[in-house]
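Quick look at the structure:
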């Protein structure tokens, strides 16, 4: 979809993938996506390298996922030891895989995840579960490139919300 989200468009979908919304989503579209999720729709939403992840985009993402216990941060996951040549290209290994049924299902058969230029999340564990964490050697930086104070397996790189009634999944 290169246009706006509408009720009709979402009514025909079972899953929506948002690789990067930029500044092209309205609050009305965010509300339609929450309604879509509440009615059993699935949403895969991806963050971006913090230089390209604006405050406006962050607010829209949080408007969509915040009610489900997933909050986005502007920053980046770094790892000096497990990476693809640069600390900001971390390789998250099995030590970074969360231990819950959703994480196990999503990461089944996976040995590592390449996570270049990715932001990190904060979750409300009464609503959301972590899927992918940081390695024990990972750390986070804020938009200024300074340490954000979240390190190791306290970092949440990927999270999920699952509703037992509707099956809605983020």
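In this note's numbering, the protein residues as written are 7 to 176.
Ideal Cβ placement from N, Cα and C applies to all residues, glycine included.
Please read all numbers here as calculations on a predicted model, not as lab measurements.
Open item on the list: Using a 10 Å radius around the Cβ and a threshold of 16 neighbouring Cβ atoms, would you call residue 53 buried or exposed?
Closed with: Here residue 53 is buried, its C-beta having at least 16 other C-beta atoms within 10 Å.
Open item on the list: By the three-class DSSP mapping on this structure, what secondary structure does residue 103 have?
Closed with: Strand at residue 103.
Open item on the list: Helix, strand or coil for residue 148? Go by DSSP, reduced to three states.
Closed with: If DSSP states are grouped into helix, strand and coil, residue 148 belongs with the strands.
- [ ] From the DSSP output, in three-state form, read off residue 77 for me.
- [x] Strand.
Open item on the list: Suppose you measure from the CA of residue 87 to the CA of residue 14; what does that come to, to the nearest Å?
Closed with: Residue 87 and residue 14 have their alpha carbons spaced roughly 48 Å apart.
- [ ] Buried or exposed for residue 63, please, with buried defined as at least 16 other CB atoms from any protein chain shown within 10 angstroms of its CB.
- [x] Here residue 63 is buried, its C-beta having at least 16 other C-beta atoms within 10 Å.
Open item on the list: Measuring CB atoms only, is the stretch 26 to 38 touching the stretch 155 to 165, in the sense that at least three cross pairs come out at less than 8 Å?
Closed with: The stretch 26 to 38, when compared against the stretch 155 to 165, does not touch it at the 8 Å Cβ threshold.
Task: Span separating the alpha-carbon of residue 16 from that of residue 174 - done: It is roughly 14 Å from the alpha-carbon of residue 16 to the alpha-carbon of residue 174.
Open item on the list: If contacts are defined as beta-carbon pairs under 8 Å, then residue 96 and residue 89 qualify, I think. What distance do you get, rounded to the angstrom?
Closed with: 5 Å between Cβ atoms; contact.
TODO: Report yes if the C-beta distance between residue 39 and residue 21 is below 8 Å; otherwise report no.
DONE: The answer is no: Cβ separation not under 8 Å.
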